[in-house]
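Below is one structure, written out as structure tokens; comments come after it.
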Amino acid sequence: MNISEPKPTQFLEIASYDSCNRVLIADDDIMARKILQSWLQNWGYEVIVAEDGESAWDALQQERPPEIVILDWMMPKVDGVELCRRIRDDQRPGLYQYILLVTSRNEKQDVVKGLEAGADDYLTKPLDRNELQARLRVGKRILTLQRGLVQAREDLRFQATHDALTGVWNRGAVLELLRRELGRAIRSRVSTGVLMLDLDHFKQVNDTYGHLTGDVVLKEVAKRMSRAVRSYDLASRYGGEEFLIVLPECNKDQIQECAERVRSAIATMPIAVNGSELHVTVSIGAAISLRSATTETDIIAAADAALYKAKNNGRNQTVLSEALCPDSWILSDLGSEVPWNAMSQNPGLHS
Ligand code: GH3
Ligand code: MG
Ligand code: MG
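If you count the sequence shown from 1, position 198 lands on 299 in the working numbering, and the numbers rise without skipping.
Below, the structure is given as structure tokens:
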């Protein structure tokens, strides 16, 4: 996933806090349905009605399903208890539905059966208008609390895996993603590319303009880098002023193109900060995994060594590692081969 302007909610679909207003009424008794519908509409709920368990289930399959469900115990096809079970078995993470089971029975074991099937609350017919209204408010309160907890958990998960300054993946997360990607690549017989970027003479930016300006530059570099890669590439901050990009299913052509896109996206336009225009460049070390086992340590070491060469060659350029890619190795699964000397025809690219 390329995260150019990340938001925690990209992790998980979580219904917004104020949206616990959609209610599904499932009841085979037309009069009961009509009365409930008119009460709920008067209280400001958006109402969806279903006349049996099967159509209630269909109504719950829509992309934005109702948040509160009022289910009649006795219904043809699929009864309320069975529907409760289905809803709970199929629960999407972050999209909890509050279920009120309604029945004319009131024996203790029925209450237990309903709650064990997944109902949150239980009402007996004939319904009392005020009691129903109060219980719906309880439902909304529970839903709001539940969503707040899920949101907080997702925010924490986001913070644990993303860099606080730039919003791209952090080092720990990208190393794990790279490890998984390399494993997947071996199974699917494809190659993974890695770009290690380091800002050129960045210390001078801090020394001349201050640390805060340096931070703005880092953010802008992360943004440009993220925009320059494919949607399924993984852009990360590896440390200080170093960034790592993982390119799943990548061949020599693609890594060359991608590195050049990233390099020029950063070098071509100066970065405007507090009235100054800063010309920033990056050096890039590139490496592609072998189709036999390549560990994340190996590929990063190869990209690092290539980055070192790029710095020594004069910076603002890419060097593609030969450590993991001997000439004899051909990416036949992935399309065309590029001779090594083709890399040096581009002024920004060297091998
Ligand atoms: P080279 O071209 O050889 O990479 O030179 P350089 O100046 O970029 O490299 P050096 O390693 O000497 O300096 C890196 C600088 O990056 C020093 C450090 O203060 C700065 N830096 C690291 N992390 C941050 C950060 O989060 N914010 C800011 N503003 N600066 C940072
Ligand atoms: Mg550095
Ligand atoms: Mg540097």
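Quick reminder that beta carbons are idealized off the backbone N, C-alpha and C, glycines included.
Could you tell me the alpha carbon to alpha carbon distance between residue i and residue j, rounded to whole angstroms?
i: Q210; j: L216; result: 10 Å
i: E423; j: D405; result: 12 Å
i: S429; j: Y339; result: Below a pLDDT of 50, predicted positions are generally treated as unreliable, and S429, at 42, falls in that range; the measurement from the model is reported next regardless. About 31 Å.
i: S390; j: T245; result: 47 Å
i: I149; j: R206; result: 25 Å
i: N122; j: R242; result: 11 Å
i: L141; j: Q234; result: 8 Å
i: M326; j: V291; result: 24 Å
i: D256; j: D130; result: 44 Å
i: A174; j: G181; result: First, the amino acid is wrong: residue 174 is Trp here, not Ala. Going from the Cα of W174 to the Cα of G181 covers about 4 Å.
i: A151; j: I171; result: 10 Å
i: T395; j: R288; result: 12 Å
i: R134; j: L125; result: 10 Å
i: D334; j: T293; result: 10 Å
i: I346; j: T262; result: 15 Å
i: R165; j: D299; result: 44 Å
i: I372; j: F259; result: 28 Å
Are there any heavy atoms of ligand 3 lying less than 7 Å away from the beta-carbon of residue i, as far as the coordinates show?
i: E342; result: yes
i: D299; result: yes
Are the Cβ atoms of residue i and residue j separated by less than 8 Å?
i: D301; j: N417; result: yes
i: L201; j: R236; result: yes
i: L408; j: I385; result: yes
i: C351; j: V330; result: no
i: L295; j: I401; result: First, the amino acid is wrong: residue 295 is Val here, not Leu. Yes, the pair counts as a contact, with Cβ atoms nearer than the cut-off.
i: D153; j: K178; result: yes
i: V318; j: L379; result: yes
i: V457; j: L228; result: The first residue shown for the chain is 102 and the last is 452, placing residue 457 beyond what the model contains.
i: T419; j: E361; result: yes
i: I356; j: A387; result: yes
i: T314; j: V374; result: yes
i: R193; j: G219; result: no
Just to confirm, does residue i get its C-beta within under 7 Å of one of the non-hydrogen atoms of ligand 1?
i: R362; result: no
i: N271; result: no
i: Q305; result: yes
i: K320; result: no
i: K412; result: yes
i: R416; result: yes
i: G268; result: no
i: D405; result: no
i: H263; result: no
Would you list the residues sitting across from residue i in a DSSP beta bridge?
i: A127; result: A151, L172
i: Y223; result: L202
i: H302; result: DSSP output for H302 lists no bridge partner at all.
i: G386; result: M297, V420
i: V381; result: Note: V381 sits in no beta bridge, so no partner.
i: V374; result: S377
Which ranges does the alpha helix (DSSP H) cover as unbroken runs of at least 4 residues, wholly within the stretch 150-198, from first to last along the chain? 154-161, 181-190
3-residue-minimum beta strand (DSSP E) runs that sit fully inside the stretch 241-296, ordered along the chain: none
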